[in-house]
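With my numbering, the residue at position 93 of the sequence shown is 78, and numbering never jumps.
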Amino acid sequence: MSRGIRIYLAGLLILIFGWLAYHFDALRLATSSFGIITLTVAAVFYTLGHVLRMARLTLLTLDERQASFDLVTAHALTAFPSSLIPFKLGEILRLSAFFHVYDGRQKALAVWVSERFGDVVVLTGLILCLYLFNFDVPSSVRALFFIFVIASSLGLAIFFAVTKVFVYLNRHLVLSSHTRRGLWILKVSYALRAFEATIQRSIEGRLSALLLISMLIWGCEIAAVTVATRQIMTAYPDIAEIVTSGLLASIASSNEQVETAALVYQSVSVIALSLLFVILLTLTFHRIRRTK
């Protein structure tokens, strides 16, 4: 275990116990308000969602199985800190942990992009279903969903379009260009083509499984929100508003009761997951050191 990992684990434990101490009263009040059984069931669904996310990571790394456990551990150990960072910027921390797992960043980025692809497809399907079944989705939440889906879809489409164009550009550069700029473009083109090939290797023969697991992940997210907020259905008769507000609680301001419930079941779930993997990582390290 490297010194950097030890420092991170120590910082993570300080953050966890500091957060629990700071929010102890809020957690106690929320538990008494919503009920321990309700929040426990919601926490189980939310934890299952994270287990499925780790299964998805394992699926995407079948071509490099030796890194699967390390990647799953990276997800578990960054889940809690990432949840505290607003506007989904916690994905930056998660991605940096993926970079630490792989010597080259290409595979780590390919896995992350493949995850986002699965999420984009599922969220697009969710939006279509809400419209098809005539749910009244709040305009602010609807706008955020569309921005996310359109930006992600355009990003993926542009990336694959550019890589295809570079096939013909490479031929031109090899045959006619010998300038420094031409060589630089050729190098960028080669890197993009290699990145595209890495993505294809990550999802080759596994696309259906990737989409299925992504559907189950978001199903667990929706189930957790619905269970945790079932007692405020009278205040929010439209289930679509509860679901979307809960899923985007870290991005947009949502109902205060939804945020309070999420504070308990989401935070407790990722804290338990983090502590479990801290223990597993520590035990694995000591076992390896004893064998040496």
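Glycine residues also receive a C-beta, built at the ideal position from the N, C-alpha and C atoms.
Predicted model, so just to flag it, every value in this text is computed and none were measured.
DSSP-derived helix/strand/coil call for residue i
i	result
threonine 16	helix
histidine 35	helix
phenylalanine 118	coil
histidine 85	helix
arginine 186	helix
lysine 73	coil
serine 124	helix
arginine 191	coil
histidine 271	helix
threonine 46	coil
histidine 60	helix
serine -13	coil
threonine 109	helix
threonine 23	helix
threonine 214	coil
threonine 164	coil
C-alpha distance - residue i paired with residue j, whole-angstrom precision
i	j	result
isoleucine 236	phenylalanine 84	Summary for isoleucine 236: the model assigns pLDDT 49, below 50, so the residue's position carries little reliability; its value from the coordinates is reported in the next sentence. Computed Cα separation, rounded: 25 Å.
threonine 245	arginine 274	43 Å
leucine -2	tyrosine 31	21 Å
serine 238	isoleucine 256	Here serine 238 scores only 45 on pLDDT, less than 50, and its place in the model is too uncertain to base an answer on.
glycine 20	arginine 41	32 Å
valine 253	arginine -12	28 Å
alanine 194	isoleucine 77	25 Å
arginine -9	leucine 94	24 Å
valine 150	leucine 74	31 Å
arginine 38	valine 249	20 Å
isoleucine 184	alanine 82	19 Å
alanine 179	arginine 90	12 Å
leucine 139	glutamate 100	16 Å
threonine 269	tyrosine 153	49 Å
leucine 5	histidine 60	21 Å
serine 18	glycine 3	23 Å
valine 57	leucine 45	11 Å
leucine 62	glutamine 251	15 Å
valine 26	alanine 247	12 Å
aspartate 88	valine 147	26 Å
leucine 266	arginine 165	47 Å
glutamate 189	lysine 92	14 Å
phenylalanine 102	leucine 141	8 Å
valine 173	glutamate 181	12 Å
alanine 208	cysteine 114	16 Å
valine 263	leucine -6	7 Å
Expected contact under 8 Å - CB spacing of residue i and residue j to nearest Å
i	j	result
aspartate 55	valine 98	With a Cβ gap of about 19 Å, aspartate 55 and valine 98 do not count as contacting.
cysteine 205	glycine -4	Not really, about 29 Å apart at Cβ, beyond 8 Å.
threonine 23	valine 212	6 Å
CB contact below 8 Å: residue i versus chain D
i	result
histidine 85	As a matter of chain content, chain D is missing from the structure shown, which is built from one protein chain.
Quiz item: Touching or not, the region 163 to 173 and the region -2 to 18, by the rule of three or more beta carbon pairs under 8 Å?
Solution: These segments do not touch.
Self-check item: Touch test, the region 99 to 106 against the region 197 to 209, Cβ-Cβ under 8 Å, three pairs minimum
Solution: Short answer: they touch.
Practice problem: Could you tell me whether the region 257 to 267 touches the region 51 to 70, using the rule of 3 or more Cβ pairs below 8 Å? | Solution: Counting Cβ pairs under 8 Å, three or more are found: they touch.
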